[in-house]
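Quick note, in this note's numbering, the sequence shown goes up one by one and the last residue is 93.
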Amino acid sequence: MEITDVRVRKISKEGKMKAVVSITFDGDFVVHDIKVIEGEKGLFIAMPSRKAGDGEYRDIAHPINSETRQTIQDIILESYLNVSERVEEKVTI
């Protein structure tokens, strides 16, 4: 399975959430609402989730193993940083 598209929507207001991302697998399947979050140890992703009846949040979609999670996170964070650099370049000019 290959990630064929990453779309990053930066969040302009202050806070820990920096962007919302959609990723497409093999040009056939998309996962929306992956969040890029600034944590104490740096940036990380949070998979899309919803609040269950008991008040707990549960992932709607998520990787089954840590290797896949790391691959997805690396690709998303690289895309996020590239978008951030382009925005800074536009502001600087």
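We treat Cβ as the ideally placed atom computed from N, Cα and C, and that holds for glycine.
By the 16-neighbour rule on beta-carbons within 10 angstroms, LEU77 is buried. Partner residues in the beta bridge of GLU38, as assigned by DSSP, are LEU43.
By the C-beta density criterion, SER79 is buried, having at least 16 other C-beta atoms within 10 angstroms. Straight-line measurement puts the Cα of ILE75 at about 10 angstroms from the Cα of ASP5. With 16 or more neighbouring CB atoms inside 10 Å of its own CB, ALA19 falls in the buried class. The beta-carbon distance between ILE37 and VAL31, rounded to whole angstroms, is 16 angstroms. This is too long to meet the 8 angstroms contact definition.
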